[in-house]
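In my numbering, the protein residues as written are 15 to 415.
The C-beta atom is built at its ideal place from N, Cα and C for all residues, glycine as well.
First comes the structure, then the notes that go with it.
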């Protein structure tokens, strides 16, 4: 049963409400860019392989820059980089649209996509580190991280819907251009919301290891786990536009993303309102097995209605998984490496998504939607088993459920 009391307590803080609301607009590109770039390149080249490569280049660049930006932020605060990166990212996306629509050579398009990813502003990592460094009790942090997962799922609901609307308007290029505007305006608003001040002070006088949070055995195991799940999610997600294309109604891709993301947001919200006595790694294992079964169900669907239902059932596990992964990493990472730890999480997650998109594009062209979804199911199963190798930590709450 959904208990709203933890959220009322959390958002009694007016400044925190403003910070959270201001973070939504600049994060909508998370739900728009991978799909928008995939559809944009596919529409220009008729190749899912090339489309997957461009999306992979973008996401791998996000992954590479994240720990670099995270280490800088841990040592200097996010103040100096937030707004400049937001503006650079917007400009880079517009240049990428120009390169694709002018049918520039593939290496040039890949370079443009990579540059766009390199300059993405650190919105999510700043908020997650803000929660990690705060004096909130564990139960309240669980609610805060659940809100984070719901916001990300909201972005993955609204983002694909916006992209699908641009398909009706004529071109997915409009979606990528709109994403550029959202990033510029949203980052400016976020930087003025109080988030940078609430992030806290730089922890001076701490002897920092060159590996940062990676010196911790538990952090390394948790990050590898996120990486494996991310590849499976990438394989799963690229199957959605492929199924829409195969059905003859490419604009329906927004339906599939919404069908998967709405249950995810609801369950993530519900998960954040309750406390579970299981260690976090076992909670993550349960969600991984659910995703494996869901991907297999999606693979055997041939009708739009049954595929929508399978997407909805699969999506039930995404929100709780994202929240539990964040809680686990926050428990395992030393405080002085908070931002960098979450950027490494984003790094490996984005690399995993990029690999999933790239591999999924090739599997689709060779084996169809069935091939990529069965590969996703197999990888989710392996990742779920690997959860047992992560040190067990519990999220302390007020009451068990």
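Indicate the three-state DSSP secondary structure (helix, strand or coil) for residue i in the structure shown.
| i | result |
| --- | --- |
| residue 27 | coil |
| residue 196 | helix |
| residue 91 | coil |
| residue 299 | helix |
| residue 407 | coil |
| residue 204 | helix |
| residue 376 | helix |
| residue 172 | helix |
| residue 304 | helix |
| residue 144 | helix |
| residue 213 | coil |
| residue 225 | coil |
| residue 179 | helix |
| residue 371 | helix |
| residue 157 | helix |
| residue 184 | coil |
| residue 358 | helix |
| residue 44 | helix |
| residue 344 | helix |
| residue 291 | coil |
| residue 264 | helix |
| residue 20 | helix |
| residue 366 | helix |
| residue 50 | helix |
| residue 166 | helix |
| residue 139 | helix |
Grab me the residues of residue i's own chain with a C-beta within less than 8 Å of its C-beta, minus the 5 sequence neighbours each way, in chain order.
| i | result |
| --- | --- |
| residue 48 | 69, 72, 73, 251, 367 and 371 |
| residue 303 | 394, 395 and 398 |
| residue 202 | 97 and 100 |
| residue 113 | 122, 123 and 126 |
| residue 210 | 91, 92, 93, 96 and 140 |
| residue 282 | 160, 163, 164, 167, 332, 333, 334, 336 and 337 |
| residue 191 | 107, 108 and 111 |
| residue 241 | 362, 363, 365 and 366 |
In terms of residue numbering, what span does the alpha helix (DSSP H) encompassing residue i cover?
| i | result |
| --- | --- |
| residue 351 | No alpha helix (DSSP H) holds residue 351; DSSP gives it neither H nor E. |
| residue 392 | 383–400 |
| residue 251 | 231–261 |
| residue 277 | 267–286 |
| residue 37 | Counting along the chain, residue 37 falls outside any alpha helix (DSSP H), and DSSP gives it neither H nor E. |
| residue 60 | No alpha helix (DSSP H) contains residue 60, which DSSP labels as neither H nor E. |
Starting from the C-beta of residue i, find all residues in its chain whose C-beta is less than 6 Å away, skip the five residues before and the five after it, and write them out in chain order.
| i | result |
| --- | --- |
| residue 77 | 361, 364 and 365 |
| residue 268 | 174, 175 and 178 |
| residue 108 | 194 |
| residue 278 | 167, 329, 332 and 333 |
| residue 80 | 357, 360 and 361 |
| residue 388 | 313 |
| residue 384 | 313 |
| residue 212 | 144 |
| residue 44 | 169 |
| residue 412 | Interpretation of residue 412 is limited by its pLDDT of 43, a score under 50 that renders its predicted location unreliable; the figure taken from the coordinates is listed afterwards. 153. |
| residue 57 | none |
| residue 386 | 249, 253, 374, 377 and 378 |
| residue 104 | 194, 197 and 198 |
Sorted by chain position, which residues of the same chain lie with C-beta nearer than 7 Å to residue i's C-beta, five sequence neighbours on each side aside?
| i | result |
| --- | --- |
| residue 227 | 233, 347, 348, 351, 354, 355 and 358 |
| residue 285 | 160, 333, 334 and 337 |
| residue 306 | 391, 394, 395 and 398 |
| residue 403 | 235 |
| residue 207 | 32, 33 and 36 |
| residue 327 | 308 and 311 |
| residue 158 | 24, 145 and 150 |
| residue 245 | 366, 369, 370 and 393 |
| residue 186 | 50, 53, 54, 57, 177 and 180 |
Every unbroken alpha helix (DSSP H) within the segment 306–339, with a cutoff of 4 residues, ordered by chain: 318–329
List in chain order: all unbroken alpha helix (DSSP H) runs of 4+ residues lying wholly within the segment 62–137. 62–90, 96–115 and 120–132
With a threshold of 8 Å, are at least 3 pairs of Cβ atoms found where one atom belongs to the segment 134–141 and the other to the segment 81–94? yes
If we count Cβ pairs, one from each stretch, closer than 8 Å, do we get three or more for the segment 18–28 versus the segment 281–296? yes
Take every Cβ of the segment 59–68, pair it with every Cβ of the segment 373–381, and state whether three or more of those distances are shorter than 8 Å. yes
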